[in-house]
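J.: Below are the structure tokens for one structure; questions will follow.
Residue numbers (this note's numbering): 5 to 466.
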């Protein structure tokens, strides 16, 4: 998404890929309400009352952007309004593209069906106790659950790049609820944005339900410096009610799977909606069924995910009653095979780290040479290794790179810095003390990294 001056987009224009010279499909989206379930919606809407450009944005798919690099596009005046073919279809209760067909209950607003056209599978467990993307309030003292009875369902954005459905309503503890389901013409991905206005009602837990239609699932999720399989990769007797998930969780039966990424809320419950076991030192009240048994290997029989977004019972180092205007975003995609074949870590990290658009007007005449239209500042040659950090060394002696291995495979990875010539490189510890030299060749250095390990290197250039 990019916010150019209105003078450039009020008249017909083309968006041109500077690498290929081809016209790129785009769509103009607009914030028309401070309650829209998009980041900074109230800020953008308020600003637009003074400067209208804050309300509008260009949305397009930037393909083949180099890793840790950039790619350039140009806005070019055109004689007629651009018209792009698309597979997106939007009605009051359905969304469809080349990948999925989604149906929404017109009364409650929950998703009743997500059909994957490529895999030929239904993703929603229609026998689940809760609906898909259903808002749930749970009263801790009694354990009673409250579900919204009615919602308003309407068309959202419609265009060649994306389409969406908007669900509006309320819920116990939340007098305002706005939910948006979005699909894309060229990307196999479903985005869900849920915006809540939480009031001061005490002792309420808030959840969103995502009951995937996967029986006897194998679940993997990204934890700090590791990939965890619940129940299997934990100490017997430890908590199985909820997990702190970083960039992604994957639910698969070995034939197909779903990669799920929660952007703002990182507590996920797997298999069912459990009563979270939090120490009574912290709890203000003790809910019914608090002393239940934890799951054992073999007990996870349903591919259900619950996003645990608010807990209003803490009496110590958390606010005991959470209040405010909050946004919770989720991205998901389907794939064949397991989490590795589905490239779960690539999807999850991409969802959490979207591209950053920078609008530049005219040409920088002061620069000594023209940069390529696209380039990478730093790249690695192994898909299971990612760059966590690229910065100036603390002692100002060179550049520090920190790498992480993400699939549990001992690896030798080559790091390339296309714009620089490397004179020396060293493997260091976490406090940037040199340990041993590394093999260098022009603008590349080869680095050994352990399974699920971190490698820190110092690079000196000429």
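Backbone N, C-alpha and C define an ideal beta-carbon position, used for all residues, glycine too.
All of these numbers come straight from a predicted model, not from anything done at the bench.
Given a threshold of 16 other Cβ atoms within 10 Å of its Cβ, counted over all protein chains shown, does residue 274 qualify as buried or as exposed?
T.: buried
J.: On the premise that residue 114 lies in contact with residue 200, defined as a C-beta separation below 8 Å, what is that separation, rounded to the nearest angstrom?
T.: Not really, about 16 Å apart at Cβ, beyond 8 Å.
J.: Note down, in chain order, each residue of its chain lying with its Cβ closer than 8 Å to the Cβ of residue 69, except the 5 sequence neighbours on either side.
T.: Short of 8 Å from the beta carbon of residue 69, and not among the five residues preceding or following it, lie these beta carbons of its own chain, in chain order: 75, 359 and 378.
J.: Can at least three beta-carbon pairs, one atom from the segment 51-62 and one from the segment 102-120, be found at a separation below 8 Å?
T.: Below 8 Å, too few C-beta pairs join the segment 51-62 and the segment 102-120 to call them touching: fewer than three.
J.: Compute the Euclidean distance between the alpha carbons of residue 132 and residue 399, then round it to the nearest angstrom.
T.: When only Cα atoms are considered, residue 132 and residue 399 end up about 57 Å apart.
J.: In the structure shown, what three-state DSSP assignment does residue 246 receive?
T.: If DSSP states are grouped into helix, strand and coil, residue 246 belongs with coil.
J.: Could you work out which residue in 209, 390, 284 and 423 is closest to residue 295 when comparing CA atoms only?
T.: Selected option, being the one with the closest Cα: 284.
J.: In the DSSP assignment, the beta strand (DSSP E) including residue 199 goes from what residue to what residue?
T.: 194-202
J.: Who pairs with residue 77 in a beta bridge, going by DSSP?
T.: 21.
J.: Does the beta-carbon distance from residue 150 to residue 171 come in below 7 Å?
T.: no
J.: Helix, strand or coil, according to DSSP, for residue 269 in the structure here?
T.: coil
J.: For residue 143, which residues does DSSP report across the bridge?
T.: Bridge partners of residue 143: 208.
J.: State buried or exposed for residue 466, treating a residue as buried only when at least 16 other CB atoms are found within 10 Å of its CB.
T.: Exposed: under 16 other Cβ atoms inside 10 Å.
J.: What are the start and end residues of the beta strand (DSSP E) that includes residue 334?
T.: 328-340
J.: Within 10 angstroms of its Cβ, does residue 439 collect 16 or more other Cβ (buried), or is it exposed?
T.: exposed
J.: Name, in chain order, the residues that DSSP records as bridge partners for residue 182.
T.: Its beta-bridge partners are 172 and 199.
J.: Provide the residue span of the beta strand (DSSP E) that contains residue 428, from first to last.
T.: 426-432
J.: Taking just the CA atoms, how far does residue 340 sit from residue 123?
T.: 8 Å
J.: What is the residue span of the alpha helix (DSSP H) that residue 354 lies within?
T.: 348-356
J.: Under the rule that 16 or more other beta-carbon atoms within 10 Å means buried, what is residue 9, buried or exposed?
T.: Its Cβ having fewer than 16 others within 10 Å, residue 9 is exposed.
J.: Go ahead and label residue 314 buried or exposed: buried means 16 or more other beta carbons lie within 10 angstroms of its beta carbon, across all protein chains shown.
T.: Result: buried.
J.: Just to confirm before moving on: does the CB-CB distance between residue 463 and residue 412 stay below 7 Å?
T.: no
J.: So, using beta-carbon positions, are residue 160 and residue 184 closer together than 7 Å?
T.: yes
J.: Alpha carbons only, please: which of 257, 311 and 277 is nearest the one belonging to residue 346?
T.: Here the closest residue by C-alpha is 257.
J.: Please report the residue range of the beta strand (DSSP E) in which residue 308 lies.
T.: 306-315
J.: Quick check on the burial criterion: 16 or more other C-beta atoms within 10 angstroms. Buried or exposed for residue 153?
T.: exposed
J.: Between which two residues does the alpha helix (DSSP H) carrying residue 45 extend?
T.: 45-52
J.: DSSP on residue 318, reduced to helix/strand/coil?
T.: strand
J.: Tell me, which residues are paired with residue 104 by DSSP?
T.: Note: residue 104 sits in a beta bridge opposite 120.
J.: Are the Cβ atoms of residue 204 and residue 317 separated by less than 7 Å?
T.: no
J.: Give the C-beta separation of residue 301 and residue 6 to the nearest angstrom, bearing in mind that I take them to be a contact with Cβ-Cβ under 8 Å.
T.: That belief does not hold up - the Cβ atoms of residue 301 and residue 6 are roughly 49 Å apart, past 8 Å.
J.: What is the DSSP secondary structure of residue 92, counted as helix, strand or coil?
T.: Coil, per DSSP.
J.: Here's the rule: buried if 16 or more other CB atoms are within 10 angstroms of the residue's CB, otherwise exposed. What is residue 363?
T.: exposed
J.: Kindly indicate which three-state DSSP category residue 407 falls into: helix, strand or coil?
T.: strand
J.: Please name the residue or residues paired with residue 135 in a DSSP beta bridge.
T.: Beta-bridge pairing links residue 135 to no other residue.
J.: Give the DSSP bridge partners of residue 159, in chain order.
T.: DSSP lists 169 as the bridge partner or partners of residue 159.
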